[in-house]
Amino acid sequence: MAAFNELVFSGVQPTGNLHLGNYLGAIKRFVEMQNRDAQCLYCVVDMHAITLWQDPQALRGQIREVTAAFLAAGIDPRRSIVFNQSQVPAHAELAWIFNCVARIGWLNRMTQFKDKAGKDRENASVGLYAYPVLMAADILAYRATHVPVGEDQKQHLELTRDIAQKFNTDFAGSIMAHGHGEDGFFPVTEPLIGGPAARVMSLRDGAKKMSKSDASDNSRINLTDDQDLIAQKVRKAKTDPDPLPSEAEGLKGRPEADNLVGIYAALAETTREAVLAQYGGAQFSAFKGALVDLAVEKLSPINAEMKRLTADPGHIDAVLADGAARAEAIAAPTLDAVKDIVGFVRRTRLSPV
Ligand code: TYM
15 MAAFNELVFS GVQPTGNLHL GNYLGAIKRF VEMQNRDAQC LYCVVDMHAI
65 TLWQDPQALR GQIREVTAAF LAAGIDPRRS IVFNQSQVPA HAELAWIFNC
115 VARIGWLNRM TQFKDKAGKD RENASVGLYA YPVLMAADIL AYRATHVPVG
165 EDQKQHLELT RDIAQKFNTD FAGSIMAHGH GEDGFFPVTE PLIGGPAARV
215 MSLRDGAKKM SKSDASDNSR INLTDDQDLI AQKVRKAKTD PDPLPSEAEG
265 LKGRPEADNL VGIYAALAET TREAVLAQYG GAQFSAFKGA LVDLAVEKLS
315 PINAEMKRLT ADPGHIDAVL ADGAARAEAI AAPTLDAVKD IVGFVRRTRL
365 SPV
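Numbering-wise (this note's numbering), the sequence shown opens with residue 15 and increments by one.
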């Protein structure tokens, strides 16, 4: 028996430099989920952003910019719920409860913490360490069943599943006593990772993920880049000397070629195989020309719409406020139920004196 309605949740950090990996691996797929008529919540995760220090003035701009990117890419704020995390207190509240469910051993295995904390782990914020627990809270505050993300979030989603399962087991008796049925209180969320651009790599190094924090701006295409910059970055992208293979098998051991073909396939909404059927045997100079044209055709309208939207922060803030109210209406009853299950005494309405 399916006890949970299908509900999609995902988040993007407002840490600047939204790039093609964020777009193809996540945001473009958010739009596809919305257009399949699922109930979708898309969140600008500002509380995650401050696990690394952010300049407060810049952070406000970045929150609005990610919101603008969502809207410019085709997320309709009437159909989907678009909001920023810090406006809905349920995220932080549930994260605390999950801090008491998750185990230190689980968090010690998180590779992203190791990457981000680097060598000076003692000096990393507690928030950076607990980051994946807040992520579980984001998802489970809505009892979301599906989460579209890029491949780099896979381990975090496995942790979310572990937290849901442990909560369901730890509190099984109380969950039943409060009438929530045998399937447990939290769904075991399905990660949706896929498509030809689940892991977009750096344009300068096919072994490294395309990332906001790469020191080289030439390693990524930012959603704010204009046509000339897109063309310049694609033309400079690292490749090997051979022509493109005719079949996907031939991309093995050629990470840069594989990456550019994957990007082309995702932008064209097709597969690597179909791209190679067209371009197999072509030299990179020709293929890069076609990739520039396609990238400019797909990204320019988003870029222009982002500019238009960010010029009107009042509108963006209104979208976020409306989204937060609708998100809160879903999350608040979940939090009330969790507090009952855990054994907290909830505030009763005071009778007038
Ligand atoms: P963030 O902000 O780093 O990235 C946002 C989304 O973009 C995807 N992504 C990529 N996809 C393909 N290739 C790449 N090179 C690439 N780089 C980034 C990410 O996988 C992600 O889907 N922890 C999350 C934010 C988050 C979240 C959540 C996501 C917070 N709470 C709840 C889902 C559900 C993050 O840092 O994403």
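We put the beta carbon where it would ideally sit given N, CA and C, even for glycine.
Between residue i and the ligand TYM, is the CB less than 7 Å from at least one heavy atom?
| i | result |
| --- | --- |
| H160 | no |
| L334 | no |
| K223 | yes |
| A211 | yes |
| Q27 | yes |
| Q167 | yes |
| G328 | no |
| I89 | no |
| I235 | no |
| F84 | no |
| F23 | yes |
| M149 | yes |
| G164 | yes |
| N31 | no |
Take the Cβ of residue i as the centre, count every other Cβ of all protein chains shown within 10 Å, and call the residue buried at 16 or more, exposed below.
| i | result |
| --- | --- |
| G39 | buried |
| D216 | Reading off the sequence, residue 216 comes out as Ser, not Asp. Flag for S216 reads buried. |
| A318 | exposed |
| C57 | buried |
| L323 | buried |
| G132 | exposed |
| N98 | buried |
| S139 | exposed |
| C114 | exposed |
| N122 | exposed |
On a CA-only basis, which of the options is nearest residue i? Give me that one, please.
| i | options | result |
| --- | --- | --- |
| G357 | S188, C54, A86 | S188 |
| E283 | R268, D242, L142, L308 | L308 |
| R117 | W67, K133, Y143, N137 | Y143 |
| A271 | S225, D256, L281 | D256 |
| E46 | V275, G88, V115 | G88 |
| F181 | P162, V161, R157, V163 | R157 |
Short check: CB of residue i to CB of residue j, under 8 Å?
| i | j | result |
| --- | --- | --- |
| A151 | A109 | yes |
| H194 | A155 | no |
| D295 | L258 | In the sequence on display, residue 295 carries Gly and not Asp. It is a contact, given that the beta carbons lie within the stated cut-off. |
| V26 | A338 | no |
| S230 | M224 | no |
| E20 | H160 | yes |
| A72 | I41 | no |
| P205 | L237 | no |
For residue i, which residues in the same chain have their Cβ closer than 8 Å to its Cβ, ignoring the five residues on either side in sequence?
| i | result |
| --- | --- |
| E11 | This structure cannot settle anything about residue 11, because the visible part of the chain is limited to 15 through 367. |
| A16 | Confidence in A16 is poor, its pLDDT being 42 and thus under 50, which makes the residue's placement unreliable; the coordinate value appears in the next sentence. Once the five neighbours on either side are set aside, A16 has no close Cβ partner at all. |
| V333 | T81, L85, P91, V96 |
| T125 | Q169 |
| L66 | T29, K130, S139, L142 |
| F18 | R157, T159, D197, P201 |
In chain order, what residues of the same chain lie with their CB nearer than 6 Å to the CB of residue i, ignoring the 5 residues before and after it?
| i | result |
| --- | --- |
| T174 | A150, I153, T203 |
| M61 | Q99, S100 |
| A251 | L217 |
Apart from the five residues on each side of it in sequence, which residues of its chain come closer than 7 Å, Cβ to Cβ, to residue i?
| i | result |
| --- | --- |
| I111 | V352, V356 |
| Q292 | none |
| S9 | Not covered by the structure: residue 9. The range shown for the chain is 15 to 367. |
Report yes or no: is there a C-beta of chain B within less than 8 Å of the C-beta of residue i?
| i | result |
| --- | --- |
| V58 | Any reference to chain B falls outside this structure, which holds one protein chain only. |
Is there at least one non-hydrogen atom of the ligand GDP closer than 7 Å to the beta-carbon of residue i?
| i | result |
| --- | --- |
| I344 | Because the ligand GDP does not appear in the structure shown, any question about it cannot be addressed here, the ligands present being the ligand TYM. |
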